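*Asks:* Please see the structure below; I have some questions.
In this note's numbering, the protein residues as written are 2 to 106.
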């Protein structure tokens, strides 16, 4: 399973808020087959068994922001490819929470 975190930063807009641009980018990838996503405060987690789907989503999100009139877009893409077992986004979170619960006094 492949997980990636994508963060998109429109540069040179009239506002410090980027929520509109991020929403449009996410909206544009909702119909890509073989990909799941989860939004968080610092980016979007993408999940797929196919790295090309991750790259496709990243390209679409960047192009959508450009098409909205933004001349410069910074994209940070961090990829985690794991082949020994199938781990979903929520499984990673559960694993961390399990250790947090074990260490409570």
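From the three backbone atoms N, C-alpha and C, an ideal C-beta is built for every residue, glycine too.
In this text the structure is predicted, and so the values were computed from the model without any measurement.
At the level of alpha carbons, what is the spacing between residue 88 and residue 5?
*Replies:* For the purposes of this step, residue 88 is identified with residue 87 of the chain shown, where counting begins at 1. For the purposes of this step, residue 5 is identified with residue 4 of the chain shown, where counting begins at 1. Rounded to the nearest angstrom, the two C-alpha atoms are 13 angstroms apart.
*Asks:* Counting C-beta neighbours from all protein chains within 10 Å, is the total for residue 70 16 or more, i.e. buried, or is it exposed?
*Replies:* Locating residue 70 in the chain shown gives position 69, where the first residue counts as 1. Exposed is the call here.
*Asks:* Report all residues from its chain with a CB closer than 8 angstroms to the CB of residue 35; omit the five preceding and five following residues, and keep chain order.
*Replies:* On the chain shown, position 34 is the one that residue 35 refers to. Within the same chain, residue 35 has close Cβ partners 49, 50, 51, 54.
*Asks:* Starting from the Cα of residue 3, find the closest Cα among 90, 60, 95 and give me that residue.
*Replies:* By 1-based counting over the chain shown, the position of residue 3 is 2. For the residues 90, 60, 95, the minimum Cα distance to residue 3 belongs to 90.
*Asks:* Report all residues from its chain with a CB closer than 7 angstroms to the CB of residue 76; omit the five preceding and five following residues, and keep chain order.
*Replies:* For the purposes of this step, residue 76 is taken as the residue at position 75 of the chain shown. If we look at residue 76 and ignore the five residues flanking it on each side, its Cβ neighbours are 7, 9, 59, 63.
*Asks:* Since residue 27 and residue 12 should fall inside the 8 angstroms C-beta cutoff, what is the C-beta to C-beta distance between them, to a whole number of angstroms?
*Replies:* As a working note, residue 27 is residue 26 in the chain shown. As a working note, residue 12 is residue 11 in the chain shown. Not confirmed; about 19 angstroms, so no contact.
*Asks:* Give a yes or no on whether the C-beta atoms belonging to residue 80 and residue 74 are separated by under 7 angstroms.
*Replies:* For the purposes of this step, residue 80 is taken as the residue at position 79 of the chain shown. For the purposes of this step, residue 74 is taken as the residue at position 73 of the chain shown. Contact flag unset, no.
*Asks:* In the region 37-90, which residue ranges form an unbroken alpha helix (DSSP H) of at least 4 residues, counting only runs that do not cross its ends?
*Replies:* With a minimum length of 4 residues, the continuous alpha helix (DSSP H) runs that stay inside the region 37-90 are 52-68.
*Asks:* State the CB to CB distance for the pair residue 23 and residue 61, rounded to an integer number of angstroms; the pair is presumed to be in contact (CB under 8 angstroms).
*Replies:* As a working note, residue 23 is residue 22 in the chain shown. As a working note, residue 61 is residue 60 in the chain shown. That pair is no contact at about 13 angstroms.
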